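Engineer: My structure is below; once you've seen it, I'll send some questions.
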Ligand SMILES: NC(=O)c1ccc[n+]([C@@H]2O[C@H](COP(=O)([O-])OP(=O)(O)OC[C@H]3O[C@@H](n4cnc5c(N)ncnc54)[C@H](OP(=O)(O)O)[C@@H]3O)[C@@H](O)[C@H]2O)c1
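In our numbering, the protein residues as written are 226 to 506.
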């Protein structure tokens, strides 16, 4: 039976939670795609997909952990087939900018025969406030194998605005939007802006890839996650993304938010005020 729900995968994550909130504000029925939801949605358990896709007409796909990981394309193929069988009419796919491996999954979506929009995003601002770099901010130290390379970080709120536009307005069908923020920033520069906004001291240390890998091994980071971090740090962040794009302007007719403005607003929420071994200035 066809329905009119929108399934949001990664619904408890950085973009999915924002997409969910915006859709619900519009009165649209959202199916929460989460391992904790009932029925549960797990990319690694196809047996549960049919129940989650019941009465769903559109899907926002925020794959975990990344479309570039080995096996992602097969999983995506299986999921798209199940979605088609279930009567889904539209897919909006979140992809990573500069990840040529992810483009095979993008192709599957584009060739699915369903209406589609591809949202190919730069690194999120929220990696520093809701994800792995938050620990660095709170610890007052970031030891990373990243030097001068610049990334055009983008706001997850801007991404969510584009995704919701794509899910609710047919004019975005068939489009591939490359989303970046308005500034190219190195990682030391990004931490410096957060240090300034939050009043925290954050020491940035450039270490080698070997040292970073050894640290991950010592912390018993799972091997597949180590592979992904290595891929992101050595391939995606090799300078290929050192350019700005106008995807937010194209999709929404407005400029993307700047990292500096976002850091000011985020500091005011108190998220960087916690003490986790880091010194206050
Ligand atoms: N972070 C970035 O800078 C960035 C940049 C460009 C593209 N992307 C892409 O964005 C996507 C999301 O990445 P993210 O880093 O922002 O993570 P995220 O969406 O914040 O990740 C957490 C979400 O993933 C869900 N999840 C985790 N494992 C799952 C599984 N096995 N099955 C189903 N859901 C699962 C979690 O749900 P539950 O725990 O509730 O199940 C949660 O909703 C990835 O495809 C990534 O490549 C990220």
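The beta-carbon is built from N, C-alpha and C at its ideal position, and this holds for glycine as well. No experiment lies behind these values; they were computed from the predicted model shown.
(1) Name the residue from 295, 486, 331, 242 whose alpha carbon lies nearest to the alpha carbon of residue 423.
(2) Excluding the 5 residues preceding and the 5 following residue 237 in the sequence, name in chain order all residues of the same chain whose CB lies nearer than 6 Å to its CB.
(3) Less than 7 Å between the CB of residue 267 and some heavy atom of ligand 1, yes or no?
(4) Between residue 466 and ligand 1, is there a pair consisting of the residue's CB and a ligand heavy atom that are separated by less than 7 Å?
(5) Three or more C-beta pairs closer than 8 Å, one from the stretch 440–447 and one from the stretch 381–401: is that the case here?
(6) Where do the N-terminal and C-terminal ends of the beta strand (DSSP E) with residue 404 fall, by residue?
(7) Given a threshold of 16 other Cβ atoms within 10 Å of its Cβ, counted over all protein chains shown, does residue 344 qualify as buried or as exposed?
(8) Could you spell out the range, first to last residue, of the alpha helix (DSSP H) harbouring residue 288?
(9) Examine ligand 1 and report whether any of its heavy atoms sits within less than 7 Å of the Cβ of residue 249.
(10) Need the endpoints of the alpha helix (DSSP H) that residue 331 sits in, please.
(11) Could you check which residue in 352, 304, 355, 292 has the C-alpha nearest to that of residue 330?
(12) Please state if the CB of residue 234 and the CB of residue 228 are separated by a distance shorter than 8 Å.
(13) Do residue 457 and residue 386 have their CB atoms nearer than 8 Å?
(14) Can we say the stretch 425–438 touches the stretch 454–469, given the rule of at least three CB pairs closer than 8 Å?
(15) In angstroms with no decimal places, state the Cα-to-Cα distance between residue 314 and residue 257.
(16) Have a look at residue 451 and residue 441 and give me their C-alpha separation to the nearest angstrom.
(17) Applying the criterion that 16 or more other CB atoms from any shown protein chain within 10 Å of the CB defines a buried residue, is residue 377 buried or exposed?
(18) Figure out for me which residue from 381, 244, 284 has the closest Cα to the Cα of residue 318.
(19) Could you pull out every residue in the same chain whose Cβ sits closer than 7 Å to the Cβ of residue 243, ignoring the five residues on either side in sequence?
(20) Could you check whether the Cβ of residue 234 sits closer than 7 Å to any heavy atom belonging to ligand 1?
(21) For residue 255, which of helix, strand or coil comes out of DSSP?
(22) Do you know offhand how far residue 411's Cα is from residue 417's?
(23) Mind checking residue 488: buried by the 16 CB within 10 Å criterion, or exposed?
(24) Is any non-hydrogen atom of ligand 1 found closer than 7 Å to the C-beta of residue 361, if you look at the structure I gave you?
(25) Please return the same chain residues whose Cβ sits closer than 7 Å to the Cβ of residue 268, not counting the five positions on each side in sequence.
(26) By alpha-carbon positions, which one of 261, 286, 247, 311 ends up nearest to residue 276?
Structural biologist: Let me spell this out:
(1) Comparing Cα-Cα distances from residue 423 to each of 295, 486, 331, 242, the minimum goes to 486.
(2) Result list for residue 237: 259, in chain order.
(3) Annotation for residue 267 indicates a beta carbon within 7 Å of some heavy atom of ligand 1.
(4) Relative to ligand 1, the beta carbon of residue 466 is positioned no closer than 7 Å to any heavy atom.
(5) No, they do not touch.
(6) Per DSSP, residue 404 belongs to the beta strand (DSSP E) from 400–404.
(7) With 16 or more other CB atoms across the displayed protein chains lying within 10 angstroms of its CB, residue 344 is buried.
(8) In the DSSP annotation of this structure, residue 288 is not part of any alpha helix (DSSP H), being labelled neither H nor E.
(9) Residue side-chain check: residue 249 keeps its Cβ at 7 Å or more from all non-hydrogen atoms of ligand 1.
(10) First-last of the alpha helix (DSSP H) with residue 331: 327–335.
(11) Among 352, 304, 355, 292, the Cα nearest to that of residue 330 is on 292.
(12) Contact flag unset, no.
(13) Against a cut-off of 8 Å, the Cβ pair of residue 386 and residue 457 comes out as no contact.
(14) Taking 8 Å as the limit for Cβ pairs, the verdict is that the stretch 454–469 does touch the stretch 425–438.
(15) If you draw a straight line from the Cα of residue 314 to the Cα of residue 257, it is about 18 Å long.
(16) Looking at the two C-alpha atoms, the distance is approximately 7 Å.
(17) It counts as buried.
(18) Checking every option, the nearest Cα to that of residue 318 belongs to 284.
(19) Correct list, in chain order: 381, 382, 385.
(20) Distances from the CB of residue 234 to the heavy atoms of ligand 1 include at least one below 7 Å.
(21) In the structure shown, residue 255 falls within a strand segment according to DSSP collapsed to helix, strand and coil.
(22) So the alpha carbons of these two residues sit roughly 10 Å apart.
(23) It is buried - the Cβ of residue 488 has at least 16 other Cβ atoms within 10 Å.
(24) False, no ligand heavy atom lies under 7 Å from that Cβ.
(25) Around residue 268: 288, 289, 300.
(26) Relative to residue 276, the option among 261, 286, 247, 311 whose CA is nearest is 311.
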